[in-house]
Amino acid sequence: MKMKTKKPTKKTGKASGIDPFAGIKLLLEKDDMKKRIRLRRLLFRSHEVIGRGTVVVEAECICGNSGCECDWKGPLIVKISFPATSRVTEDELVKDALKLATGKDGEWVQKHLPRTLWSHTMPFGENTPQARLAKLFAMDEKYEEQHACVTVQQKLQPIHELKTPEEFAQVFYDILQCHRWLYKIAEILHRDISMSNMMFRRDEATGEVYGVLNDFDLSSRVEENRQASSKQRTGTKPHMAYELFDKIWTGGHLYRHDLESIFYVFVCTTRAPDSK
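For the record, in the sequence shown the residue sitting at position 237 is 236 according to numbering that gives the first Met the number 0, with numbers rising by one throughout.
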């Protein structure tokens, strides 16, 4: 992956002054594919001291202006995160799920999963601070080695942008069905259900909405769900299952914990003062 910084202009200068990502151009190369995208604005930045340090930036494909073939339509997002190397990557889990989402019993699931267009995982080099820290704390079980993951996906819409109660009900139903299919068929447990990870896409032709379960950074395979693959308990605190806060709980993250989180998202969304 190559990165080129765009100089501020009258059109983008103001945004660039407050947003370190606005206007940056990226050249993405993988195998025989070459794409150029431009970052537009910062959507999310994690402020936690310990964690994945996730950054999500809105982007657009500019291949039409650069001579490369463009088949990435619509708004995009670029997600940069630093998960533990002990975890299966989000891209790998979604790919495994999509391989199983075929035929009359599984093809429907494709509409309810994120669409990854490009991804790349990069280990830290030997001379980086991360690599030196890993060597320094090699004998410390509490230290987690991390790597950098960059993913380009089609942009989804947050559930607070749904227009009617009927759409809201449909999106929650879709996500519940997708979540169950992932657990029973793909044997993947999400483990980080939150308001920001329950999203939707809208069909431009029909206007129909499809609930999408997003962000699999903290997900794991079912056979691993009783033993955390990270030193931290997973989830987003306002929506985490009550049992996971109990220090004496040793049963790992279970399917019912995700269902409890979905219920909390439902309550928070429907009972908010400005809710529809």
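Positions of the beta carbon are idealized from the N, C-alpha and C atoms, including for glycine. The structure presented is a predicted model; accordingly, all values stated were derived computationally and were not measured.
Coarse secondary structure for residue i, derived from DSSP in three states
i, result
"W117", "strand"
"V87", "coil"
"L75", "strand"
"F265", "helix"
"K110", "helix"
"K103", "coil"
"A96", "helix"
"L243", "helix"
"H238", "helix"
"F207", "It is Glu, not Phe, that sits at residue 207 in the sequence shown. Of the three classes helix, strand and coil, the one that applies to E207 here is coil, per DSSP."
"I17", "helix"
"H252", "coil"
"D70", "coil"
"S229", "A caution first: S229 carries a pLDDT of 49, below 50, which makes its placement in the model unreliable, though a value can still be read off. Reduced to three states, the DSSP call for S229 is coil."
"D257", "helix"
"K9", "Its pLDDT being 45, under 50, K9 is placed unreliably by the model, and nothing is read from it."
Beta-ladder partner(s) of residue i, from DSSP
i, result
"M282", "Nothing about residue 282 can be read from this structure; the chain reaches only from 0 to 275."
"S219", "L188"
"S80", "C148"
Residue j beta carbon less than 9 Å from that of residue i
i, j, result
"V208", "D202", "yes"
"K277", "L25", "No answer is possible for residue 277: it lies beyond the span of the chain, which begins at 0 and ends at 275."
"V108", "A100", "yes"
"R40", "I61", "no"
"M198", "C267", "no"
"R200", "K78", "no"
"I76", "Q156", "no"
"P82", "H146", "yes"
"Y182", "Y254", "yes"
"L112", "W71", "no"
"G251", "K154", "no"
"V90", "T150", "Note on residue identity: the sequence assigns Asp, not Val, to residue 90. Yes, the Cβ-Cβ distance between D90 and T150 is below 9 Å."
"I184", "G105", "yes"
"E57", "L42", "yes"
"T269", "F136", "no"
"R85", "E144", "In the sequence on display, residue 85 carries Ser and not Arg. Yes, the Cβ-Cβ distance between S85 and E144 is below 9 Å."
Residue i Cβ short of 8 Å to the ligand MG heavy atom set
i, result
"A58", "The model on display carries no ligand, and the ligand MG is accordingly not part of it."
**OP:** Evaluate the contact criterion for the region 260–268 versus the region 182–194: three or more CB pairs, one atom per stretch, below 8 Å.
**Re:** yes
Original post:
What are the start and end residues of each continuous beta strand (DSSP E) run of 3 or more residues lying completely inside the region 26–59, in chain order?
Top reply: 32–44
**OP:** Evaluate contact between the region 173–188 and the region 42–58, counting only Cβ atoms and requiring at least three cross-stretch pairs below 8 Å.
**Re:** no
Subject >> alpha helix (DSSP H) runs contained entirely in the region 120–190, provided each spans 4 or more residues >> reply: 128–135 and 164–180
**OP:** Tell me, please, whether the region 121–133 touches the region 213–222 by the rule of three or more beta-carbon pairs shorter than 8 Å.
**Re:** no
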